[in-house]
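Peer 1: Dumping the structure here so I can ask a few things about it.
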Amino acid sequence: GNSVTQMEGPVTLSEEAFLTINCTYTATGYPSLFWYVQYPGEGLQLLLKATKADDKGSNKGFEATYRKETTSFHLEKGSVQVSDSAVYFCALVGNSGYSTLTFGKGTMLLVSP
Amino acid sequence: DAMVIQNPRYQVTQFGKPVTLSCSQTLNHNVMYWYQQKSSQAPKLLFHYYDKDFNNEADTPDNFQSRRPNTSFCFLDIRSPGLGDAAMYLCATSIEAGDTDTQYFGPGTRLTVL
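Same order as they appear, the protein sequences are chains A and B. Residue numbering for the first sequence follows this note's numbering, beginning at 1 and increasing consecutively. Residue numbering for the second sequence follows this note's numbering, beginning at 1 and increasing consecutively.
Shown next as structure tokens:
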């Protein structure tokens, strides 16, 4: 079956530091890949997505590239802000015909001033 | 703004007392989903509707049921809540059910069972 593995958190950074959150996946075929962000007490918001190999998703300074050869979709940001503190979920939708999201366990990011 | 709305944001119920959570959408999407998210865990899909077609996940307990009376509204009914059902319940929608379709989430309802 499909699965997503994320690095465990919390990830603690100072403001303006470089961020990487690793995500690897297992799926048959060519899944679509997503990063969602969840701020404290709120629902999930789509951060970015990529639907085919070598695609780069980007939004709000965050980027992730769909790497088929390494089955990875690592999230990066060049300079984090305190307001980026949240839980980040990597997820995939397999190409089985239904858009059922499989989530990783989430990585908490804490950014200090 | 078009959005996914969940009511209430916080719900407290007693052990065994039925409870209904509500989700509405102004996006006119065909698909609506219900997820359960326990503390510090990933969301887990309970079921989804494609229009009026109901799709239950294999491991969703019988205690959980859902209704979709029209395109805009979807309800989650918990017939006899147990302490283990305390969680955040997330509603999501998507235009279609294809593998590239983005799901849009509501803010969630946090359920407490006393």
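Using N, Cα and C, we set each Cβ at its ideal position, and we do this for glycine too. These figures come from a predicted structure and were not determined experimentally.
1. Which of helix, strand or coil does DSSP assign to Gly84/B?
2. Mapping the DSSP letters down to three states, classify Ser58/A as helix, strand or coil.
3. Measuring straight from C-alpha to C-alpha, what distance separates Pro31/A and Thr60/B?
4. Looking only at its chain, what residues have a beta carbon closer than 8 Å to the beta carbon of Arg67/B, apart from the 5 residues adjacent to it on each side?
5. Please state whether DSSP places Ser14/A in a helix, a strand or coil.
6. I need the boundaries of the beta strand (DSSP E) containing Leu21/B, first residue and last residue.
7. Could you tell me whether any Cβ in chain A is nearer than 9 Å to the Cβ of His48/B?
8. Helix, strand or coil for Val80/A? Go by DSSP, reduced to three states.
9. Starting from His29/B, trace the beta strand (DSSP E) in both directions and tell me its first and last residue.
10. Under a three-way DSSP split, which group does Arg68/B fall into?
11. With DSSP as the reference, label His74/A as helix, strand or coil.
12. For Arg9/B, which of helix, strand or coil comes out of DSSP?
13. Let me see if you follow: with CB-CB separation under 9 Å, is Gly106/B close to chain A or not?
14. Does Glu63/A come out as helix, strand or coil in the three-state DSSP assignment?
15. With a cut-off of 9 Å, does the C-beta of Tyr36/A fall near any C-beta of chain B?
16. Please identify the residue among Arg9/B, Val12/B, Pro81/B, Phe15/B whose C-alpha is closest to the C-alpha of Phe64/B.
17. Please confirm if Leu83/B has its CB atom under 9 Å from at least one CB of chain A.
18. When the Cα atoms are used, what is the spatial distance from Arg9/B to Glu76/A?
19. Between the stretch 28 to 36 of chain B and the stretch 93 to 101 of chain B, do at least 3 Cβ pairs fall closer than 8 Å?
20. Ala42/B touches chain A at which residues, Cβ-Cβ below 7 Å?
21. Can you list, in chain order, the residues of the stretch 89 to 103 of chain B whose Cβ is nearer than 7 Å to any Cβ on chain A?
Peer 2: Let me lay it out:
1. It is helical.
2. Ser58/A: strand per DSSP, three-state reduction.
3. Cα-Cα distance, rounded: 24 Å.
4. The residues are Cys74, Phe75, Asp77.
5. Note: Ser14/A maps to strand in three-state DSSP.
6. 19 to 25 is the span of the beta strand (DSSP E), which, as asked, contains Leu21/B.
7. Yes, its Cβ sits closer than 9 Å to a Cβ of chain A.
8. Coil, per DSSP.
9. Annotation for His29/B: no beta strand (DSSP E) segment contains it, and DSSP assigns it neither H nor E.
10. In the structure shown, Arg68/B sits in coil (DSSP, three-state: anything other than H, G, I, E or B).
11. In the structure shown, His74/A sits in coil (DSSP, three-state: anything other than H, G, I, E or B).
12. For Arg9/B, the secondary structure class from DSSP, reduced to helix, strand or coil, is coil.
13. Answer yes: the Cβ-Cβ gap between Gly106/B and chain A drops below 9 Å somewhere.
14. DSSP places Glu63/A in strand when its eight states are reduced to three.
15. Using a Cβ-Cβ cut-off of 9 Å, Tyr36/A counts as an interface residue toward chain B, since at least one Cβ of chain B sits closer than that to its own.
16. Phe64/B has its Cα closest to that of Pro81/B, out of Arg9/B, Val12/B, Pro81/B, Phe15/B.
17. Closer than 9 Å: no.
18. Taking the Cα positions, Arg9/B is about 32 Å away from Glu76/A.
19. Contact holds between the stretch 28 to 36 of chain B and the stretch 93 to 101 of chain B, because three or more Cβ pairs, one in each stretch, are under 8 Å apart.
20. Here the neighbours are Phe89, Phe103, Gly104, Lys105, Gly106.
21. Result list: Leu90, Ser94, Ala97, Gly98, Asp99, Thr100, Asp101, Thr102, Gln103.
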